[in-house]
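> For the sequence shown, my numbering assigns the number 736 to the initial residue and increments by one for each residue that follows.
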Amino acid sequence: MEKLLLNGMNTFGSVVNTYTVKEFSFILIVVALFIIICMIINWFIRIIKGLEKLAQKEEREARLKKNSSSIPIDNLPEIIGLKDTTIVIKHKNDTTTSKLGYHSAAVNTADNSIAEYEGLFCVISNTGIESLAIAADKSSQCIASNTGLKSVSECKGNFSIAANVGEYSVARCSEQYSAAINNAEYSIAVSTGDYSVAIATSERSFAKVEGKESIAIVCGTRGRANGKVGCWLILTERGEFNGRSYPLKDIKAIKVDGKKIKETKWYRLINGEIIEDGDIEDKIEP
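#1: Just curious, the beta strand (DSSP E) that Y1002 is in, first and last residue?
#2: Give me whichever residues DSSP pairs with I950 in a beta bridge.
#3: Roughly how far, in whole angstroms, is the beta-carbon of S886 from the beta-carbon of S904, given that I think they are within contact range, below 8 Å?
#4: How close, in whole Å, do the beta carbons of I952 and S940 come, if the pair is a contact with beta carbons under 8 Å?
#5: Determine the DSSP secondary structure at F976, reduced to helix, strand or coil.
#6: How far does the beta strand (DSSP E) with R907 in it reach, from first residue to last?
#7: Secondary structure at S922, three-state DSSP: helix, strand or coil?
#8: Cα separation between I770 and E787?
#9: What number of angstroms, rounded off, separates the C-alpha of N918 from the C-alpha of I1010?
#10: Just to check my reading of the structure: A935 and W967 have Cβ atoms closer than 8 Å, yes? What is that Cβ distance to the nearest angstrom?
#11: Quickly, what does DSSP pair R959 with across the bridge? List them, please.
#12: Cα separation between L970 and A797?
#13: Give the straight-line distance between the Cα atoms of Q791 and L768, rounded to the nearest whole angstrom.
#14: Restricting to Cα atoms, I'd like to know which of V925, Y921, Q911, Y912 is closest to S888.
#15: Enumerate in chain order the residues of its own chain whose CB-to-CB distance from V991 is below 6 Å, with the five nearest sequence positions on each side excluded.
#16: In the DSSP assignment, what residue or residues form a beta bridge with I772?
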């Protein structure tokens, strides 16, 4: 009887152990399959998100390409417009840009070119020889700039700047609170608006103001200044070239009163004295 009981218990234990191992193995397999499936699903999700981002990027680039334009300078660009903003660039001889929209920039980089602007808040620039940059009429808060020889830069709006850095150039401003600046030899800076400034910084250049309470400043050697009655002239005198520069010797300011300092004469500072140096009607000789 005892043997039978022992044999029965051994048989039962073997069966229990066998089923326990099988169930445990099955559970491990199920867990492994679940992990693999999750990894596959996560991988597919990443692929889908990547494709969505790529599609969004392509759509954005297509939209930007549709709403904008990029044209090489060498291909003679036409006007590029975006609402009230216009940019025109010319890079050929004898080219012209004119009558642009508001808030614009017109650029000439070649010889014998013209850039003209008739709107507000713009930048007009010439870097070629014998070029002309004009910001005309409603050209408030504009900048007209020249860096080439024999150029003309003109602003006719308030709060404007006309600048030249090339030789034999003319910078001219015609309205209030403007500045005409020359940094070139044998050049002229003219400001005709009220409360404005004309500055000539280089050798043998001229600064002239015609508006009320304006200032003409000459900083270079043999520079001359002129102004209407009520304007001020700031004159500088420089010494001989010392190998590096012309050292500053003296500086004086004087008001044009129409009597002692006349509005029809050019003035220079020589040996500490303000002297007449030509009539404004005379042909200007360097």
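C-beta atoms are modelled at their ideal positions from N, C-alpha and C, and glycine is treated no differently.
Short version:
#1: For the purposes of this step, residue 1002 is taken as the residue at position 267 of the sequence shown. Counting along the chain, the beta strand (DSSP E) containing Y1002 begins and ends at 1000-1005.
#2: By 1-based counting over the sequence shown, the position of residue 950 is 215. Beta-bridge pairing links I950 to V932, W967.
#3: If you number the sequence shown from 1, residue 886 lands on position 151. If you number the sequence shown from 1, residue 904 lands on position 169. The Cβ separation is near 5 Å, so the contact holds.
#4: As a working note, residue 952 is residue 217 in the sequence shown. As a working note, residue 940 is residue 205 in the sequence shown. So it is not a contact: roughly 11 Å between Cβ atoms.
#5: Start at 1 with the first residue of the sequence shown, and residue 976 comes out as number 241. Of the three classes helix, strand and coil, the one that applies to F976 here is coil, per DSSP.
#6: As a first step, residue 907 is located in the sequence shown; it is residue number 172 there, counting from the start. 905-908 is the span of the beta strand (DSSP E), which, as asked, contains R907.
#7: Position 187 of the sequence shown holds residue 922. If DSSP states are grouped into helix, strand and coil, S922 belongs with coil.
#8: Sequence index remark: in the sequence shown, residue 770 carries index 35 (1-based). Sequence index remark: in the sequence shown, residue 787 carries index 52 (1-based). Roughly 26 Å separates the two Cα atoms.
#9: Indexing the sequence shown from 1 puts residue 918 at position 183. Indexing the sequence shown from 1 puts residue 1010 at position 275. Each residue's Cα considered, the two are about 23 Å apart.
#10: The residue labelled residue 935 in the question sits at position 200 within the sequence shown. The residue labelled residue 967 in the question sits at position 232 within the sequence shown. With 8 Å as the limit, A935 and W967 do not qualify as a contact, their Cβ atoms being about 15 Å apart.
#11: Along the sequence shown, read from residue 1 onward, the residue named residue 959 stands at position 224. In the DSSP output, where bridge partners are listed per residue, R959 has F941.
#12: Translated into positions along the sequence shown, residue 970 becomes position 235. Translated into positions along the sequence shown, residue 797 becomes position 62. L970 and A797: Cα-Cα distance of roughly 59 Å.
#13: Residue 791 sits at position 56 when you count from the first residue of the sequence shown. Residue 768 sits at position 33 when you count from the first residue of the sequence shown. Taking the straight line joining both Cα atoms gives about 35 Å.
#14: Within the sequence shown, numbered from 1, the residue matching residue 888 stands at position 153. Ranking the options by Cα distance to S888, first place goes to V925.
#15: As a position in the sequence shown, residue 991 is number 256, starting the count at 1. Closer than 6 Å at the Cβ level, and outside the excluded window around V991, lie G962, V964, C966, E998.
#16: Within the sequence shown, residue 772 is the residue found at index 37, counting from 1. According to DSSP, I772 bridges with nothing at all.
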